[in-house]
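Participant:
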Amino acid sequence: MKVAAIGDNCIDVYERLNRKYPTGNVVDTGVNIQKLGIPVSIISTTGSDENGKWMIDTLKKENLELSHFHVGEGATAVTYMDMDGLDRVHGDYVEGVLENIVFSEEDVQYAAGHDLVHTALWGKAEDTLPQIKKLSKALISFDYADRLDHELVEKTLPFVDYGFFSYHKSKDEFISEYLKDKVSRGMKVAVATFGEKGSLAYDGKTFYEGRVYPAEVVNTVGAGDSFIAGFLYEILMGGDVAAALDKGAKVAAEVVGVFEPWVSENE
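For the sequence shown, numbering that gives the first Met the number 0 assigns the number 0 to the initial residue and increments by one for each residue that follows.
1. Between Val220 and the rest of its own chain, which residues show a CB-CB distance below 6 Å, the 5 nearest in sequence each way excluded?
2. Measure the Cβ-Cβ separation of Ala76 and Gly95 and say whether it is below 9 Å.
3. Does the count of Cβ pairs from the stretch 130-146 and the stretch 63-75 closer than 8 Å reach three?
4. Any idea what DSSP makes of Pro21, helix, strand or coil?
5. For Pro213, does the count of other Cβ atoms within 10 angstroms reach 16, so buried, or fall short, so exposed?
6. Would you mind giving the Cβ-Cβ distance between Gly46 and Gly71, rounded to the nearest angstrom? I have them listed as a contact below 8 Å.
7. How far does the alpha helix (DSSP H) with Ser183 in it extend, from its first residue to its last?
8. Between the stretch 46-60 and the stretch 110-129, can you find at least three pairs of beta-carbon atoms closer than 8 Å?
9. Measuring CA to CA, which of Lys123, Val217, Tyr92, Met80 is closest to Lys19?
10. Quick one, are the C-beta atoms of Gly223 and Ser165 less than 9 Å apart?
11. Could you tell me which residues DSSP pairs with Met82 in its beta bridges?
12. Buried or exposed: which applies to Val101, given that a residue is buried once 16 or more other Cβ atoms fall within 10 Å of its Cβ?
13. Taking only three categories from DSSP, how would you classify Val101?
14. Use the C-beta contact count for Thr28: other C-beta atoms within 10 angstroms, 16 or more gives buried, fewer gives exposed.
15. Compute the Euclidean distance between the alpha carbons of Glu150 and Leu120, then round it to the nearest angstrom.
16. I'd like to confirm the pairing. Which residues does DSSP put opposite Asp11 in its beta bridges?
17. Per the DSSP calculation, Ser198 is bridged to which residue(s)?
18. From Trp53 to Ser183, what does the alpha carbon distance come to, in whole angstroms?
19. Report the three-state DSSP secondary structure of Leu4 (helix, strand or coil).
20. Using the C-alpha atoms, what's the distance from Lys181 back to Phe158?
21. Among Lys154, Asp48, Gly203, which residue has its Cα nearest to the Cα of Leu178?
22. Per DSSP, what are the beta-bridge partners of Ala119 in this structure?
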């Protein structure tokens with residue numbers, strides 16, 4: 000088994016707290032899958048500045064495969080962050096070299112050689128998905144965050160096997176019908192996460208409710224990406240949807256216990 004994560008990378012900067020770390024939707028998901036034991040390739044472009052060097056060094060230390068992780072002339076993307084209690088707050092986003100990111104035909108062919116390809120809403124990789132589906136039988140997963148009505152949901156629906164949505168309410172009729180609609184029109188499984196209120200998944204036949212695990216929260220950053228990593232790992236290892244929800248919850252509970260979006264070896 001091997002996974003390709005194609006999309007964004009950036010540095011989260013907390014100016015008030017004087018802290019920062021390498022991150023990005025597909026980076027966080029990819030690193031957490033790698034830590035669980037499935038090899039991951041990151042396909043993206045970082046900057047030629049010190050932040051870009053830091054990103055590459057960090058991903059190398061985490062044993063990610065970087066043959067298609069490119070360096071573009073310019074600044075690495077930066078997201079300015081702050082904390083509201085234990086919740087992270089997103090501020091300004093400076094796109095840097097990601098403004099002009101392009102995934103080459105070679106990148107697409109390389110991604111298609113994996114068992115699963117993961118991307119996310121701001122990864123700018125949505126146009127690669129039809130090509131990947133045409134080239135291979137790779138599963139495709141997509142993190143739509145909380146943008147349930149974003150145009151990319153409809154655009155990518157025919158190509159996505161596992162769709163993940165963040166919903167800021169508890170389970171209700173709306174989200175249940177929403178997940179049913181997405182599966183009826185192409186997805187294998189659609190998943191909604193409710194933060195501390197658990198998760199819900201639908202596979203075309205059955206709804207599965209996922210629990211949460213107790214955690215001493217330090218920072219909620221990375222909770223969604225780590226949940227997705229645990230879920231996808233369990234699926235790739237042959238587990239069912241119920242087991243995948245449970246694995247996702249366990250991984251997320253560990254990650255919210257540290258400030259960064261994954262647990263480092265020295266923590």
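Ideal placement from N, C-alpha and C gives every residue a C-beta, glycine not left out.
Facilitator: So, to answer that:
1. Around Val220, the same chain offers Arg87, Pro260 as residues with beta carbons nearer than 6 Å, after the five sequence neighbours per side are excluded.
2. Judged by beta-carbon spacing, Gly95 lies within the 9 Å limit of Ala76, meaning their Cβ atoms are closer than that value.
3. In short, these stretches do not touch, since the Cβ pair count stays below three.
4. In the structure shown, Pro21 falls within a strand segment according to DSSP collapsed to helix, strand and coil.
5. The residue is exposed, with fewer than 16 neighbouring Cβ atoms inside 10 Å.
6. That pair is a contact at about 6 Å.
7. Membership of Ser183 in the alpha helix (DSSP H) is indicated by the continuous run 172-183.
8. Contact fails: fewer than three Cβ-Cβ distances are below 8 Å.
9. From the listed residues Lys123, Val217, Tyr92, Met80, the smallest Cα separation to Lys19 is found for Met80.
10. The Cβ atoms of Gly223 and Ser165 sit closer than 9 Å to each other.
11. The partner list for Met82 (beta bridge, DSSP) reads Arg87.
12. It is exposed - the Cβ of Val101 has fewer than 16 other Cβ atoms within 10 Å.
13. Of the three classes helix, strand and coil, the one that applies to Val101 here is coil, per DSSP.
14. Burial of Thr28 is indicated by the presence of at least 16 other C-beta atoms within 10 angstroms of its C-beta.
15. Cα-Cα distance, rounded: 10 Å.
16. Answer by DSSP bridge pairing, in chain order: Tyr20, Thr78.
17. When DSSP reads this structure, Ser198 sits in a beta bridge with Thr192, Gly209.
18. Cα-Cα distance, rounded: 43 Å.
19. Reading off the sequence shown, one finds Ala at residue 4, where the question assumed Leu. Ala4: strand per DSSP, three-state reduction.
20. The C-alpha of Lys181 is placed about 11 Å away from the C-alpha of Phe158.
21. If you compare the alpha carbons of Lys154, Asp48, Gly203 with that of Leu178, the shortest gap goes to Gly203.
22. BP columns for Ala119 point to Asp142.
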